[in-house]
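The next block holds one structure in the form of structure tokens; read it before the comments.
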Amino acid sequence: MTFLSLILVFLNNTKTFTREEEKFKDKHLYGILEFLKIMVYFIGSIVIIAFLLGENPLSMVAGIGAAATVLMLIFKDSILGLVAGIQLSVNHMVKPGDWITIKKLDIDGVVVEVSLTTVKVRNFDNTISTVPPYSLISDSFQNWAPMLTSSGRRVKRALFIDMNSIGFCQAELLEQLHQEKLITEEEYNQAKMVKTVNLTLFRSYAERYMRSLAHVNTNDLVFSRQLAPTPNGLPLEFWYFSKITAFTQYESLAAASIEHFIAILPTFGLRLFQSPTGQDLQRLKNQLS
């Protein structure tokens, strides 16, 4: 028994050491050590029972083999957790410190602990969610950690354009855009020869603007595109990859670029689609009265 006690002390110290050392945090040693402790307790229990009954421990182990089915049911979660934990570790699927989302369970936060039977996640609203490791293997989840260490985080935002505002550029609008340097000389000269749509010029401007931003990774995709028209207008989607991946800075910079597009749209003779509000209806009522 003294020997088993020493093994337990060794496992506890090893668990504490691996949780404190940075180089071991991405390994699934915590769950494996927990499983080894269970095995030590199991073996210790057999030795104690055999001693009390005056039986040979090996004979008892052989007898327990007949009850393996029952043991499998008892330790089902632990075994599944161990196997799932090893798979998560070997395949580098998740580790403490990773930001993960599980839409099915409404989990969105940072992994704080990966143990034998649970993965503990601190959500961004500071609540704690726990899920069995096996559920991460059997179901899908999204790990954002590779994005944080990659060359950029994708910004994908859309504005809905009022299709009634889309049309060919008139000479006056074209001159204004040229004077304000919102279009290139090539676009200006071409638009004087061939009728050009205001949305086409805006998309070209939007792409140049996104490429000019310091936080945009121009080696990745930078573009704007139209989506299928909807009852809410024509969706115009903007894509680029931000070098800044930290959540608050990323959201602030992404919002600033979209706010710029909203502010510059009227200059191109375009309008955003927006459902009528109480103020709009009141204005219409005043105009008709």
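Heads up: the sequence shown at position 1 corresponds to 1 in the UniProt record's numbering, and the numbers run straight through without jumps. Ideal Cβ positions, reconstructed from N, Cα and C, are used throughout, including at glycine.
Nearest residue (CA-CA) to residue i, options the options
i: His260; options: Asn189, Phe247, Glu207 and Thr248; result: Glu207
i: Val83; options: Leu116, Leu234 and Met210; result: Leu116
i: Leu136; options: Asn123, Leu105, Val112 and Leu159; result: Leu105
i: Val114; options: Thr101, Asp108, Pro132 and Thr184; result: Pro132
i: Asn219; options: Arg211, Glu180 and Asn91; result: Arg211
i: Ala145; options: Ser5, Thr245, Gly85 and Leu272; result: Thr245
i: His215; options: Gln249, Glu172, Leu288 and Phe168; result: Gln249
i: Leu227; options: Lys156, Ile107 and Glu180; result: Lys156
i: Phe268; options: Ser204, Pro231 and Ala254; result: Ser204
i: Gln170; options: Thr196, Met163 and Phe124; result: Thr196
i: Met39; options: His92, Asn56, Ile7 and Thr14; result: Ile7
i: residue 300; options: Met163, Gly44 and Glu251; result: Nothing about residue 300 can be reported from this structure: the residues present for the chain run from 1 to 289 only.
i: Lys120; options: Arg154, Leu148 and Gly85; result: Gly85
i: Ala254; options: Leu213, Phe202, Gly97 and Glu55; result: Leu213
i: Leu199; options: Phe168, Glu180, Lys76 and Gln190; result: Phe168
C-alpha gap between residue i and residue j, whole angstroms
i: Leu88; j: Lys95; result: 8 Å
i: Trp99; j: Leu80; result: 23 Å
i: Tyr188; j: Leu177; result: 9 Å
i: Leu265; j: Tyr240; result: 19 Å
i: Ile102; j: Phe141; result: 5 Å
i: Phe10; j: Lys37; result: 10 Å
i: Arg283; j: Leu159; result: 25 Å
i: Phe223; j: Thr118; result: 42 Å
i: Arg225; j: Ile107; result: 31 Å
i: Met93; j: Ile258; result: 33 Å
i: residue 291; j: Glu172; result: Any property of residue 291 remains undetermined from this structure, which presents the chain solely from 1 to 289.
Residue i in three-state terms, based on DSSP
i: Asn219; result: coil
i: Ser204; result: helix
i: Thr14; result: helix
i: Thr245; result: coil
Cross-strand partners of residue i (DSSP beta bridge)
i: Tyr240; result: Val155
i: Lys76; result: Lys76 pairs with nothing; no bridge assigned.
i: Arg225; result: Glu237
i: Phe268; result: Beta-bridge pairing links Phe268 to no other residue.
i: Gly81; result: Paired residue(s): none; Gly81 is not in a bridge.
i: Trp99; result: Val110
i: Val131; result: Val119
Sequence-distant residues of the same chain with beta carbon closer than 7 Å to residue i, five excluded per side
i: Arg122; result: Gly109, Val110, Val112 and Ile128
Sequence-distant residues of its chain with Cβ nearer than 6 Å to residue i (five each side left out)
i: Asn217; result: Ser151, Gly152, Phe241 and Lys243
i: Asn12; result: none
Beta-carbon proximity list for residue i, same chain, < 8 Å, skipping 5 on both sides
i: Ser275; result: Asn232
7 Å Cβ cutoff, residue i in contact with chain D
i: Ala263; result: Here chain D cannot be found, since the structure has a single protein chain.
Any non-hydrogen atom of the ligand ZN closer than 6 Å to residue i Cβ
i: Met147; result: Looking for the ligand ZN in the displayed structure turns up nothing, as the structure carries no ligands at all.
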